[in-house]
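Quick note on numbering that gives the first Met the number 0: the sequence shown kicks off at 0 and runs consecutively. Presented below is the structure to which this report refers.
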Amino acid sequence: MSNITERPSNALPAVLSTEGAPLPPLLSPEWERAVTFGKRDLRNSLETHGSPLHVLAPEICAANLRSMAAAIGEFGVSGQLFYAFKANKSVAFVEAAAQAGFGIDVASEHEHKLAAQHSAEGTAISLSGPVKGASWLRRAVAEGCLIGIDSFEELQFIRSLLLKERPRQLARITIRVNMESAKCRFGVDPEQLPACGKLLVENNILLKFEGFAFHLNGYAVGDRINATRRLLDTIDSFASIGLESYVLNIGGGLPVQYVAEEDFSYFIKNHHDAVSYLGHAPGSFYPYGGQPTAAEWLKAFLSANGASGTIASELRSRGLTLLVEPGRAALDQAGASLFQIGAVKKGKDSTTLFLNGTSFNACETWFQSEFLCDPLILSEHAADADDCREHRYYLAGHSCLGDDMISRRAFTSSRRLRVGDVLLFANTAGYQMDLLENNFHHHPFPHRSVLEPVSATANDLKARTAA
Ligand SMILES: Cc1ncc(COP(=O)(O)O)c(C=O)c1O
């Protein structure tokens, strides 16, 4: 970045705005301080470690989980939160969650091993995922983890495994129920629940039934309320055959607000077609704005009506502990991704900025959708003659794949962007950072740093390496 004349500034960075409908990111105070007073250090960190760079704030993950737990506590309901490991590959979040006393939801034996290595107790590990297999189940039983059974066949499999191997411990079981019928391939079909109940009753010296679970697509609290109402009846009918439930696991799907509600609805109403590079217009978007906070969402859930009282009172009267497995919401504001501009290519009516990094590090475009949150421009340089007009940009990754677009919408800026400039995508930790990360073209995996507190008076951001 030698061509950049630094203009020291304690102002928030400029936004590279979606053309016609800006979507500036909402920033927590920690990030606002980091991008205001720590711009230079963030850029230095990227210079040291290469582009892209993921900057993590594990403490924010722990704080998010605490605020969700407090929301449940306000209703006098017993609750247990499990951070869903799948939302980000970094074990720094697992450590932060486990050290703050929360559980970890794991969806593979590999996640399980890492969670155990990084301080999660076996009894605070909950297994989800449709394919478990003998080795993982053996480990889960030995460590006293909660096993979310995904099908009647899986229940039969674990029973025969335990019959054969006779471990000292009972397997702790929840039954995940498919509450979405044909829309979902996960969970036990409700019609098979009587067969599961019979098997559990007949094998209670091997299998310790603890309750039910579900996880739904989407983020609507109303869907979770309906599913819970239906499952409470199932809980009662299982209790009548001697299978008492202690827990109800409502999975994840708690919302995150990335941009202001009015910005998001303006974009949706007026500029949906703006997302159209090479004619790819996504059919749907995550609701990036206008969502409640995760804590408000939990309060709406618990205060909704069940059959005889609120959901909270229904849970209390049955002595049920509410289990929740937030991934995305646990990582709200817990990380950002920095990309350096590696090449600039002028076209007829727009310029393509090739970022050093691929859209595998910013993955919504691979799901035929779009991360509707505008990047911040971290570089500051003196205005040049070109800066008095509006520039139109597309953002591409540096691979040879035509579809490797970091974003398919056009952006505008009154600043001309150059090779070496740095863009920061805020709030990427939940699924945006590394879900599809790979080392395509043998590019190394991006480095991860931990955001250290930034004071408002000095450029004292230090980034230490994270796992
Ligand atoms: C069983 C289960 N629990 C929790 C989650 C986490 O969901 P979210 O990140 O939307 O909170 C998922 C996501 O796929 C899941 O499948």
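By construction, the Cβ of each residue, glycine as well, lies at the ideal position given by its N, Cα and C atoms.
Expected contact under 8 Å - CB spacing of residue i and residue j to nearest Å
i, j, result
"R171", "E209", "6 Å"
"L354", "F370", "Actually they do not touch by this definition, with Cβ atoms about 13 Å apart."
"Q116", "F151", "That pair is no contact at about 33 Å."
"E436", "F359", "6 Å"
"G468", "N87", "An answer regarding residue 468 cannot be provided, because it is not within the stretch 0 to 466 covered by the chain."
"A293", "P254", "7 Å"
"G102", "L126", "Not confirmed; about 11 Å, so no contact."
"S412", "A13", "7 Å"
"P51", "G356", "4 Å"
"M432", "S336", "6 Å"
"P24", "Y257", "6 Å"
"E142", "I124", "7 Å"
"L205", "Q155", "Incorrect: roughly 12 Å between the Cβ atoms, too far for contact."
"T233", "F211", "6 Å"
Whole-angstrom distance between residue j and residue i, CA atom to CA atom
i, j, result
"L145", "K207", "10 Å"
"R6", "P28", "Its pLDDT being 47, under 50, R6 is placed unreliably by the model, and nothing is read from it."
"F444", "N438", "6 Å"
"S66", "L297", "10 Å"
"H390", "N63", "38 Å"
"V200", "S239", "11 Å"
"G121", "R317", "26 Å"
"Y82", "V54", "19 Å"
"A33", "A306", "48 Å"
"M0", "R39", "Residue placement at M0 is poorly supported in this model, since its pLDDT is 32, which falls under 50; the coordinates are not used for a value here."
"V140", "Q168", "7 Å"
"H380", "R414", "9 Å"
"P166", "P57", "37 Å"
"P129", "L230", "20 Å"
"S398", "V418", "17 Å"
"F237", "H440", "54 Å"
"N225", "G341", "50 Å"
"A457", "E46", "Any answer about A457 is weak, because its pLDDT of 46 lies below 50 and its placement is not dependable; what the coordinates show is given next. Their Cα atoms are separated by approximately 20 Å."
"L80", "L321", "8 Å"
"L9", "L26", "The question names Leu, but residue 9 is Asn in the sequence shown. C-alpha separation (whole angstroms): 16 Å."
"E451", "H48", "16 Å"
"D383", "G19", "24 Å"
"N304", "T35", "45 Å"
"K268", "H111", "43 Å"
"A106", "G132", "12 Å"
"L416", "Y265", "26 Å"
Proximity below 9 Å, CB of residue i to CB of residue j
i, j, result
"D403", "T17", "no"
"I376", "V421", "yes"
"F410", "A361", "no"
"R138", "E108", "yes"
"L22", "G288", "yes"
"S448", "R42", "no"
"S136", "L162", "Here residue 136 turns out to be Leu, not Ser, going by the sequence shown. No. Outside cutoff."
"P291", "V343", "no"
"T364", "R407", "yes"
"G326", "F84", "yes"
"A468", "A96", "Here the chain comprises residues numbered 0 to 466, so residue 468 is not present and cannot be evaluated."
"F74", "T427", "no"
"R228", "V76", "no"
"G282", "S368", "yes"
"L11", "E31", "yes"
"P193", "N177", "no"
"A70", "L319", "no"
Per DSSP, the bridge partner or partners of residue i
i, result
"D104", "A83, S125"
"F353", "A342, A395"
"M404", "A395"
"P24", "V258"
"K347", "Per DSSP, none; premise fails for K347."
"R447", "H53"
"A10", "Answer by DSSP bridge pairing: none, since A10 is not bridged."
"G334", "L55"
"I174", "I148, F211"
"I376", "A13, L422"
"F410", "T17, Y392"
"T309", "N304"
"L206", "A170"
Ligand 2 heavy atom lying under 8 Å from the CB of residue i
i, result
"A328", "As presented, the structure is devoid of ligand 2, carrying ligand 1 as its sole ligands."
Min CB distance residue i to chain C below 9 Å
i, result
"S398", "No chain C appears in this structure, which consists of one protein chain only."
Three CB pairs or more closer than 8 Å across the region 242-258 and the region 212-219: yes
Per the contact definition of three or more C-beta pairs closer than 8 Å, is the region 327-342 in contact with the region 241-249? no
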